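Only one structure is covered here, and it is reproduced in the block below.
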Amino acid sequence: NFLKMLLLPILLSLSCGIKCRVTPLELVFVIDSSESVGPENFNIIKTFMKTFIDKVSADHTTTRIGIINFSHRVDLVSSLKQYMGKESLKSAVDKMPYLGEGTYTASAIQEAIHLFQAARPAVRKVAVVITDGQADTRDKVRLDTIVREAHATSIEIFVIGIVQRTDPHFDDFLKEMQLIATDPDEEHVYQIDDFITLSGNRNYFSKRKLEINQPILFLSINLFCCAEIVNEVKSGLKALRKDPR
């Protein structure tokens, strides 16, 4: 049963291209490059992003990708208007500098809102925020205000938060992730313990690590699969949990 729980999301994710019509998507990565991340972990984030880039359609008329790198300042790596093939986009990711100072999450989300002004009409707008800590109070942009603005403009926000549950600031960080993310939180907030988990290099074959890595699979499914596949994954996992055999 454990192996079924692991394989079901993977197999259904792979079937997306067959069972679902590829729909247009405006996708913006909002990447934390603050001091607490560190240069090695920043490189892991880059690898994660390049893996996602490889998953999307190469046709620019289908998926357009913007990238924001932030710390005490906000750097625009790629806008939605730019056409960059997969290799060029991954090269731009490789060249992203590690900034290594504050965590100006609100300013970064504000920049994402600006990017989405170039979105195609009636096309799904998705931002993926990857961060390991709470927003910096020195940021002149208020987080709650800018998040409300983002949600009001129909931007769907996923948050991947890298924090251990034993961290003394865990509860406050979780509340912030839930504030930023689109509802429902269980589909848009993904907490993982460390950056190695994000890289996908962990050994999956333990129950604890499955529970950690499974959200990353769900993020991929939520972004690139139709509702039919997403619901199939949820129903399948729910049934498997009820039957422990």
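Numbering (mature numbering (1 follows the signal peptide of the UniProt record, and there is no 0)), first residue to last: -17 to -1, 1 to 228. Glycine included, every Cβ here is placed at the ideal spot set by N, Cα and C. Please read these numbers as outputs of a predicted model, since none were measured by experiment.
For the putative contact between E9 and F141, defined by C-beta atoms under 8 Å, what is the C-beta separation to the nearest angstrom?
Residue mapping note: residue 9 aligns to position 26 of the sequence shown, counting from 1. Residue mapping note: residue 141 aligns to position 158 of the sequence shown, counting from 1. At roughly 14 Å, the Cβ-Cβ gap does not stay under 8 Å, so E9 and F141 are not in contact.
So what does DSSP say about D127, is it helix, strand or coil?
Counting from 1 along the sequence shown, the entry for residue 127 is found at position 144. D127 carries a helical assignment under DSSP once its states are collapsed to helix, strand and coil.
Using the C-alpha atoms, what's the distance from A102 back to G85?
One-based indexing of the sequence shown puts residue 85 at position 102. One-based indexing of the sequence shown puts residue 102 at position 119. Cα to Cα, G85 sits roughly 29 Å from A102.
When you compare the CB positions of I145 and I96, do they come within less than 7 Å of one another, or not?
Against the sequence shown, residue 145 aligns to sequence position 162. Against the sequence shown, residue 96 aligns to sequence position 113. The answer is no: Cβ separation not under 7 Å.
Put A110 into one of helix, strand or coil per three-state DSSP.
Locating residue 110 in the sequence shown gives position 127, counting from the first residue. The answer is strand: DSSP assigns A110 an E or B state.
Quick one, are the C-beta atoms of V106 and G49 less than 7 Å apart?
If you number the sequence shown from 1, residue 106 lands on position 123. If you number the sequence shown from 1, residue 49 lands on position 66. No, they are not a contact pair.
Can you tell me whether DSSP reads D15 as helix, strand or coil?
Along the sequence shown, one-based indexing puts residue 15 at 32. Strand at D15.
Buried/exposed call for Y87, threshold 16 Cβ in 10 Å
Reading the sequence shown from its first residue, position 104 is the one you call residue 87. Y87 is buried by the Cβ-count criterion.
Along the beta strand (DSSP E) that carries D58, what are the first and last residues, could you check?
Walking along the sequence shown from the start, residue 58 turns up at place 75. Per DSSP, D58 belongs to the beta strand (DSSP E) from V57 to S61.
When V124, F35 and G21 are compared against D177, the one with the closest alpha-carbon
Position 194 of the sequence shown holds residue 177. If we check each option's Cα against that of D177, G21 comes out closest.
Which residue marks the beginning of the alpha helix (DSSP H) containing Q174, and which one marks its end?
Counting from 1 along the sequence shown, the entry for residue 174 is found at position 191. Counting along the chain, Q174 falls outside any alpha helix (DSSP H), though it belongs to the beta strand (DSSP E) covering V172 to I175.
Could you tell me whether the region 116 to 135 touches the region 152 to 166, using the rule of 3 or more Cβ pairs below 8 Å?
In short, these stretches touch, since the Cβ pair count reaches three.
Cutting at 8 Å between CB atoms, please list the residues of its own chain near F156, excluding the five before and the five after it.
Locating residue 156 in the sequence shown gives position 173, where the first residue counts as 1. Taken in chain order, the residues that qualify are G116, Q117, G144, V146 and D150.
Rounded C-beta distance between F53 and I14? I'm assuming under 8 Å.
Taking the sequence shown and counting its residues from 1, the one referred to as residue 53 is at position 70. Taking the sequence shown and counting its residues from 1, the one referred to as residue 14 is at position 31. Going by Cβ atoms, the distance from F53 to I14 rounds to 7 Å, so yes, they are a contact pair.
If I measure Cβ to Cβ from D166 and keep anything under 7 Å in the same chain, skipping five residues before and after, which residues do I get?
Against the sequence shown, residue 166 aligns to sequence position 183. Hits under 7 Å: none found.
What's the gap between the Cα of A91 and the Cα of V130?
As a working note, residue 91 is residue 108 in the sequence shown. As a working note, residue 130 is residue 147 in the sequence shown. Computed Cα separation, rounded: 11 Å.
What are the start and end residues of the beta strand (DSSP E) that includes E139?
As a position in the sequence shown, residue 139 is number 156, starting the count at 1. Residues I138 to I145.
Measure the CB-CB distance between L63 and R47 and report whether it falls below 7 Å.
Against the sequence shown, residue 63 aligns to sequence position 80. Against the sequence shown, residue 47 aligns to sequence position 64. A contact, by the Cβ cut-off of 7 Å.
Starting from the C-beta of H171, find all residues in its chain whose C-beta is less than 6 Å away, skip the five residues before and the five after it, and write them out in chain order.
Here the question's residue 171 lines up with position 188 in the sequence shown. Cβ within range, chain order: F141, A164 and T165.
Please give me, in chain order, every unbroken run of the alpha helix (DSSP H) with length at least 4 that falls completely inside the region 72 to 122.
Entirely contained in the region 72 to 122, the alpha helix (DSSP H) runs reaching 4 residues are, in chain order, 88 to 99.
For the beta strand (DSSP E) holding T45, just list the boundary residues, first then last.
Position 62 of the sequence shown, counted from the first residue, corresponds to residue 45. Taken as a continuous stretch (DSSP letters only), T45 belongs to no beta strand (DSSP E), as it is neither H nor E.
Mind checking who N52 pairs with in its DSSP beta bridge?
Locating residue 52 in the sequence shown gives position 69, where the first residue counts as 1. Paired residues: I14 and D58.
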